[in-house]
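Residue numbers (our numbering), protein chains in the order written: chain V, 118 to 368; chain G, 42 to 301.
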Amino acid sequence: MRARTRSLQVAILLGGIALWEIAARAANPLLYVPPSAALPALRDLLTLTSYPDLPSHLLLTIQEIVVAYGLAVLAGLGVGFGLGLNRVLGRVYAPILAALYAVPAVVWYPSLMLFFGLDAASKIAFGFLLGFFPITLAVLAGVRQTNPQLVTVARAFGARPHVLFVKVMLPAMLFTLVGGLRTGLALSVIGVIVGEILGSKSGLGSLINHAYGLARTPDYVALVVLALGVVVSTDVAATLLERRAQRWTAE
Amino acid sequence: MTPNVPLIAVERVGKRYPSSSGPVEAIADVSLTVGEGEFCTIIGPSGCGKSTLLGMLAGLVPCDSGRVLVAGAPVTGPDPRRVATVFQDPGLFPWRTALENVEFGLELQGVPRDRRRQVATDLLAPLGLARFADKYPRELSGGMRQRVAIGRALAIDTAILLMDEPFGALDEQTRVLMGEWLLDIWRRTRKTVVFVTHSLHEALALSSRVIVMTARPGRIKSVLELPQPYPRAMESADLVSLRAKLWGEIREESMRSMER
Ligand SMILES: Nc1ncnc2c1ncn2[C@@H]1O[C@H](COP(=O)(O)OP(=O)(O)O)[C@@H](O)[C@H]1O
Ligand SMILES: [Mg+2]
């Protein structure tokens with residue numbers, strides 16, 4: 118079953134690449150880069166011939182992602198549990214948070230650049246902002262959906278607040294929480310890269326912007342593929358984390 | 042313990058809950074005592090405050106007035122070394138297997154892993170759950186879930202066992218079997234049991250004493266002592282007339298409770 122799904126996925130991928138090649142050749146190969154041109158560009162990129170300073174840009178982007186996401190997790194858990202466990206605060210602030218989350222986040226970016234400048238800080242701030250909301254809202258939803266009967270049972274068996282939190286609240290909301298953490302990670306990555314594209318002199322996003330501006334479309338496509346690789350590998354990391362969390366609650 | 046201090050003493054307790062249409066008086070001025078080794082059943086129309094009263098005994102519901110004493114000391118919160126509770130809604134932890142659910146109380150008390158696993162495993166066999174130790178609650182039937190909840194309460198081996206309509210969701214036959222099984226446990230362990238039910242049959246088959254509560258606000262309407270030996274012949278003239286008497290009292294309160 119798994120093998121069949123895998124081979125189907127590979128077939129769809131190859132089919133997609135073939136279609137892409139045909140379509141790009143039929144149209145303008147300069148604007149619509151066919152895979153036959155993108156692959157050499159990707160090779161040049163990875164062998165550091167087209168962009169020799171790629172490693173330092175990539176490292177910067179990854180650092181920004183780590184900081185932005187780390188802050189988003191801390192703040193998201195803190196604010197989420199603060200509002201979720203305190204009924205009065207939750208009633209006041211939770212609707213405001215939900216409303217803010219509905220605003221397209223890009224509208225905040227210009228003001229972030231004003232506050233934090235053109236360097237890494239504004240990218241971190243944007244990645245943080247995008248990651249923070251889904252984490253906070255997941256914690257809020259998780260607290261709300263914890264069956265109160267389980268809390269009563271645990272109290273009857275002598276659970277003190279911190280035990281209640283670890284043995285009941287966290288496992289009860291684990292799936293929602295991990296879901297929020299995953300969404301937050303994906304959005305933090307997007308926030309950082311988009312921030313770099315919108316205005317920056319360094320980082321993966323700035324290279325994308327550079328290649329695009331000079332109409333170096335094969336390089337541009339190769340960089341986008343690399344960015345995709347970053348996103349996918351963070352998602353794989355998140356999946357591993359999720360598995361571990363499942364094993365942890367089973368314990 | 043001095044022999045003239047009852048194990049459980051409820052002294053004029055009352056409870057109001059806030060609601061959108063003003064405070065609801067759940068129970069009012071309830072006093073009772075339960076002696077060591079008794080099987081005391083509380084019966085009354087639904088909504089008359091039985092769960093509230095049991096919650097007070099468990100230390101989960103604070104009294105608005107009056108107090109509850111266990112072994113002479115006022116109850117201020119849950120005391121899992123003395124009191125174990127089986128709830129109306131079994132409240133099993135869905136991420137724990139049957140075995141892990143039974144272990145829960147021991148885990149909180151810091152009992153080492155091997156020891157608590159042993160205790161829980163030994164309990165699952167008489168509960169008819171030996172083959173289901175590694176199943177999760179969602180994989181168990183309603184009756185099995187309730188038995189796991191009973192196992193979880195028995196595992197911490199307390200002197201007092203509180204049970205809130207533990208068999209309420211089961212079919213009649215399972216109910217009777219579970220009742221017989223509980224009776225067997227009670228007679229072997231000599232625990233003090235406070236048992237809430239709305240089944241006349243259960244009350245008469247199991248209890249050494251039946252307490253009838255009035256419609257809301259719950260007060261004590263009458264107390265019935267049942268010295269008959271176990272297992273009880275439910276068709277004996279004695280029990281048939283007791284049943285009629287009990288039904289008369291409950292019927293009156295149930296009608297009152299329906300009329301509002
Ligand atoms: N937490 C609560 N908040 C508000 N009202 C409650 C609460 N618990 C119980 N009540 C009300 O108190 C009354 C008694 O409830 P309960 O003790 O559950 O009765 P019983 O177990 O006999 O059915 C009912 O009218 C119920 O609606
Ligand atoms: Mg009840």
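The C-beta atom is built at its ideal place from N, Cα and C for all residues, glycine as well.
Subject >> Listed by chain order, chain V residues near G:L101 by CB distance under 9 Å >> reply: Within chain V, the residues whose beta carbon sits less than 9 Å from that of G:L101 are T269, R272 and A273, listed in sequence order.
Subject >> Three-state class that DSSP yields for G:F173 in the structure shown >> reply: Note: G:F173 maps to helix in three-state DSSP.
Original post:
Should V:A276 be flagged as near chain G, meaning a C-beta pair shorter than 7 Å?
Top reply: Cβ-Cβ to chain G under 7 Å: yes for V:A276.
Original post:
Closer than 7 Å, CB to CB, is G:D130 near chain V or not?
Top reply: Cβ-Cβ to chain V under 7 Å: yes for G:D130.
Subject >> C-beta atoms of G:F223 and G:R186 nearer than 7 Å >> reply: The identity of residue 223 of chain G in the sequence shown is Leu, whereas the question assumes Phe. Against a cut-off of 7 Å, the Cβ pair of G:R186 and G:L223 comes out as no contact.
Original post:
Across which residues does DSSP place G:C81 in a beta bridge pair?
Top reply: According to DSSP, which records beta bridges pairwise, G:C81 is partnered with G:V235 and G:R250.
Original post:
Which one or two residues does DSSP pair with V:D352 in a beta bridge?
Top reply: Partner(s): none; V:D352 has no beta bridge.
Original post:
Looking at the unbroken alpha helix (DSSP H) that takes in G:I197, where does it start and where does it end?
Top reply: Per DSSP, G:I197 belongs to no alpha helix (DSSP H) and is neither H nor E.
**OP:** Could you run through the region 168–201 of chain V and flag, in chain order, every residue whose CB is less than 9 Å away from some CB of chain A?
**Re:** Of the chains in the structure shown, none is chain A; the protein chains are V and G.
Original post:
Is it true that the CB of G:G96 sits closer than 7 Å to the CB of G:G118?
Top reply: Cβ atoms of G:G118 and G:G96: not closer than 7 Å.
Original post:
To which residues does DSSP link G:I261 through a beta bridge?
Top reply: G:M254, per the DSSP bridge assignment.
Original post:
Buried or exposed: which applies to V:Y186, given that a residue is buried once 16 or more other Cβ atoms fall within 10 Å of its Cβ?
Top reply: The residue is buried, with at least 16 neighbouring Cβ atoms inside 10 Å.
**OP:** Report the rounded CA-to-CA distance for V:R119 versus V:Q126, giving the unit in angstroms.
**Re:** Roughly 11 Å separates the two Cα atoms.
**OP:** Scan the region 178–231 of chain V and note each continuous alpha helix (DSSP H) run of 4 residues or more that stays entirely inside, going in chain order.
**Re:** Complete alpha helix (DSSP H) runs here, min 4: 204–219.
Original post:
At which residues does the beta strand (DSSP E) containing G:G318 begin and terminate?
Top reply: As shown, chain G starts at 42 and ends at 301. That puts residue 318 of chain G outside it, with no answer to give.
Original post:
Could you name the residues, in chain order, whose CB is less than 5 Å away from a heavy atom belonging to ligand 1?
Top reply: Selection output, chain order preserved: G:Y58, G:A67, G:S87, G:G88, G:C89, G:G90, G:K91, G:S92 and G:T93.
**OP:** Can you pull the chain V residues whose beta carbon is under 8 Å from the beta carbon of G:G146, in chain order?
**Re:** Correct list: F274 and G275.
Subject >> Beta-carbon contacts of G:E66 that lie in its chain and below 6 Å, excluding the five residues immediately before and after >> reply: Apart from sequence neighbours up to five positions away, the residues of its chain that approach G:E66 with a beta-carbon distance below 6 Å are R57 and P258, ordered along the chain.
Subject >> Proximal residues, the region 99–126 of chain G versus chain V, C-beta separation under 7 Å >> reply: Those residues of the region 99–126 of chain G that come within reach of chain V (Cβ to Cβ, closer than 7 Å) are A99, L101, P119, P121 and T126.
Original post:
How would you label G:T199, buried or exposed, when you count the other beta carbons within 10 angstroms and need 16 or more for buried?
Top reply: Within a 10 Å sphere around the beta-carbon of G:T199 sit 16 or more other beta-carbons, which makes this residue buried.
Subject >> Candidates V:T253, V:F292 and V:L247, of which the one nearest V:T263 by Cα >> reply: V:T263 has its Cα closest to that of V:F292, out of V:T253, V:F292 and V:L247.
**OP:** Sort V:I139, V:A355 and V:A155 by Cα distance to V:Y337 and report the nearest one.
**Re:** Taking only the C-alpha atoms, the option nearest V:Y337 is V:A155.
Subject >> Contact residues within the region 207–232 of chain V, judged by C-beta distance below 8 Å to chain G >> reply: Listed in sequence order: no entries.
Original post:
So is V:Q266 in contact with chain G if we call contact Cβ pairs under 7 Å?
Top reply: So, interface residue.
Subject >> Buried versus exposed call for V:E368 [16 or more other C-beta atoms within 10 Å across all chains shown] >> reply: With a pLDDT of 49 at V:E368, under the threshold of 50, the predicted position of this residue should be treated as unreliable, and no value is reported.
Original post:
Excluding sequence positions up to five away, which residues of its chain have a Cβ less than 8 Å from the Cβ of V:W137?
Top reply: Around V:W137: P151 and P152.
Original post:
How about G:Q129: is its Cβ closer than 6 Å to a heavy atom in ligand 2?
Top reply: Flag set: Cβ of G:Q129 near ligand 2.
Subject >> Among G:I68, G:E79, G:L73 and G:I49, nearest to G:R21 - alpha-carbon criterion >> reply: There is simply no residue 21 of chain G to check, as chain G begins at 42 and stops at 301 in what is shown.
Original post:
Going by alpha carbons, who is nearest to G:L165 out of G:D212, G:E148, G:A190 and G:P135?
Top reply: Sorting G:D212, G:E148, G:A190 and G:P135 by C-alpha distance to the C-alpha of G:L165 places G:A190 at the top.
Original post:
Looking at the C-beta of V:P335, does it have a partner C-beta in chain G at a distance below 7 Å?
Top reply: The beta-carbon of V:P335 is placed no less than 7 Å from the nearest beta-carbon of chain G.
**OP:** Pick out whichever of V:L343, V:V183 and V:A362 has its Cα sitting closest to the Cα of V:L163.
**Re:** Comparing alpha-carbon positions, the option among V:L343, V:V183 and V:A362 lying closest to V:L163 turns out to be V:L343.
Original post:
For G:D70, which of helix, strand or coil comes out of DSSP?
Top reply: G:D70 falls in the strand class under three-state DSSP.
Subject >> C-alpha gap between V:G296 and V:G346, whole angstroms >> reply: Approximately 21 Å, taken between the alpha carbons.
Original post:
Thinking C-beta only, is G:G146 closer than 7 Å to G:I197?
Top reply: A distance below 7 Å separates the beta carbons of G:I197 and G:G146.
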